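Please read the structure below before turning to the comments.
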Amino acid sequence: KAGVTQTPRYLIKTRGQQVTLSCSPISGHRSVSWYQQTPGQGLQFLFEYFSETQRNKGNFPGRFSGRQFSNSRSEMNVSTLELGDSALYLCASSLGSDQPQHFGDGTRLSIL
Amino acid sequence: EDQVTQSPEALRLQEGESSSLNCSYTVSGLRGLFWYRQDPGKGPEFLFTLYSAGEEKEKERLKATLTKKESFLHITAPKPEDSATYLCAVQATQGAQKLVFGQGTRLTINP
């Protein structure tokens with residue numbers, strides 16, 4: 155059974171640019187969540203989508219946004235990139251509430 | 057605000073030397089507590105879910121337990137391949153799928 159797939163694996167951008175990251179969940183999983191992982195802050199919740207609707211959002215600025223498509227695939231977008239946005243961005247999918255989230259290997263975003 | 061604190065931050069053991077990792081939490085209402093393992097350059101790998109105090113789960117050399125305030129991950133006779141960062145996370149009854157993670161315990165098993 156294929157796991158969660160995130161593309162690209164690595165990305166280098168400069169300040170002020172925008173970026174779009176992609177996530178394909180495990181087949182049959184309708185919930186997709188995004189997390190940011192940094193050495194200082196650890197794993198922090200960005201947002202969650204279920205059936206194309208955002209159900210929850212973390213404490214991140216409006217520059218961070220996302221969406222989910224009818225096939226459950228999800229994208230997140232970060233606009234006007236800042237140096238502090240350098241991080242590992244992880245996507246996780248699950249069958250629903252109470253069920254474990256399964257993570258992809260992330261996209262490593264570096265801002266120069 | 058929901059919070060998770062893991063201790064110790066780092067732990068170095070000899071192969072075969074058993075120990076325990078601690079996860080203390082405060083949450084408005086606990087829907088589930090999750091343990092993950094993360095290897096360098098990889099995403100977290102799911103290990104266990106615990107839902108209520110008194111519950112225990114086992115998998116190979118790992119055993120997770122849960123009380124109303126904390127969870128323990130017991131590692132029995134560890135091997136070098138058990139070296140990884142172990143993450144604990146809580147999911148509240150309010151908040152859909154949001155997980156609140158601790159900072160993790162970096163475990164090193166020396167042969």
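Same order as they appear, the protein sequences are chains A and B.
Numbered by my numbering, the letters in the first sequence go through residues 155 to 266 in order.
Numbered by my numbering, the letters in the second sequence go through residues 57 to 167 in order.
Cβ coordinates follow ideal geometry from the N, Cα and C atoms, glycine included.
Keep in mind it's a predicted model, so treat the numbers as computed, not measured.
Not flagged as an interface residue toward chain B: residue 182 (chain A), since no C-beta distance is shorter than 7 angstroms. Counting along the chain, residue 158 (chain A) sits inside no beta strand (DSSP E), nor does DSSP assign it H or E at all.
Contact with chain A is found for residue 152 (chain B), since one of that chain's Cβ atoms lies less than 7 angstroms from the residue's Cβ. Assignment of beta-bridge partners to residue 114 (chain B) by DSSP yields B:119. Neighbourhood of residue 87 (chain B) in chain A, by CB distance below 9 angstroms: 251 and 252, in chain order.
For residue 160 (chain B), the C-beta contacts it makes with chain A under 9 angstroms involve 196 and 197, in order along the chain. In this model, residue 65 (chain B) and residue 160 (chain B) are separated by some 7 angstroms (Cα to Cα). With contacts defined by Cβ atoms closer than 7 angstroms, residue 81 (chain B) and residue 60 (chain B) form a contacting pair.
Taking a C-beta distance under 7 angstroms as the contact criterion, residue 143 (chain B) and residue 100 (chain B) qualify as a contact pair. Per DSSP, the beta bridge partners of residue 261 (chain A) are A:243. The Cβ of residue 102 (chain B) sits closer than 7 angstroms to at least one Cβ of chain A.
Neighbourhood of residue 238 (chain A) in chain B, by CB distance below 7 angstroms: empty, with the nearest CB roughly 18 angstroms away. Ranked by Cα distance from residue 146 (chain B), the first of A:252, A:244, A:248 and A:243 is A:252. Distance from the CA atom of residue 132 (chain B) to the CA atom of residue 200 (chain A), rounded to whole angstroms, is 35 angstroms. Remark: C-beta atoms of residue 173 (chain A) and residue 228 (chain A) do not approach each other more closely than 7 angstroms.
Runs of beta strand (DSSP E) with 3 or more residues, each lying fully within the segment 62-92 of chain B, are found at 66-70 and 75-82, listed in chain order.
Excluding residues up to 5 positions away in sequence, 180, 256 and 258 lie with their Cβ nearer than 8 angstroms to the Cβ of residue 157 (chain A) in the same chain.
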